[in-house]
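Residues in the sequence shown are numbered consecutively from -14, following our numbering.
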Amino acid sequence: MAFKNRNLARRIAKDPCSWCGWKAGRRHAAHIIDEGPERDWNALSLCPNCSTVFDEIVRPKLYKALTKFGAMGLPKSWSKDNKMSDLSE
């Protein structure tokens, strides 16, 4: 989900990738929780590779593991890849 607040997105994306530390190229401002507010605490600066891993693997797997553990009230956006697939396993 893209940031509507472009100034915040630019400020977040100026930082190195939060996961791998990559500084050389373009980075994305990624929401941690898509339905959450557009605030610094709900954003990560991610390179394109880490952004893909976060969206397609990490969030859905966290959702599945936490749900099986009994956690409730998890963000709906974590239940599936927010780009295309669903986690039906």
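Even glycine gets a Cβ: it sits at the ideal position worked out from N, Cα and C.
Handout entry: Buried or exposed by the 16-neighbour rule on C-beta atoms within 10 Å, applied to residue 25
Key = Flag for residue 25 reads exposed.
Handout entry: Pick from 33, 44, 39, -4 that is closest to residue 11, judged by C-alpha positions
Key = Taking each of 33, 44, 39, -4 in turn and checking the Cα distance to residue 11, the smallest one comes out for 33.
Handout entry: Neighbourhood of residue 73 by C-beta, 6 Å cutoff - its chain only, sequence neighbours within 5 removed
Key = No answer about residue 73 holds up, because its pLDDT of 47 lies below 50 and its placement is not dependable.
Handout entry: When 56, -5, 63, 54 are compared against residue 23, the one with the closest alpha-carbon
Key = If we check each option's Cα against that of residue 23, -5 comes out closest.
Handout entry: residue 39 classed as buried or exposed, judged by whether at least 16 other C-beta atoms fall within 10 angstroms
Key = Around the Cβ of residue 39, a 10 Å sphere holds 16 or more other Cβ atoms; the residue is buried.
Exercise for the section: Alpha carbon to alpha carbon, how far is residue 8 from residue 1? Give it in angstroms, no decimals. Expected result: Near 5 Å, if we compare the C-alpha coordinates of residue 8 and residue 1.
Handout entry: Where the alpha helix (DSSP H) containing residue -7 begins and where it ends
Key = Residues -9 to -2.
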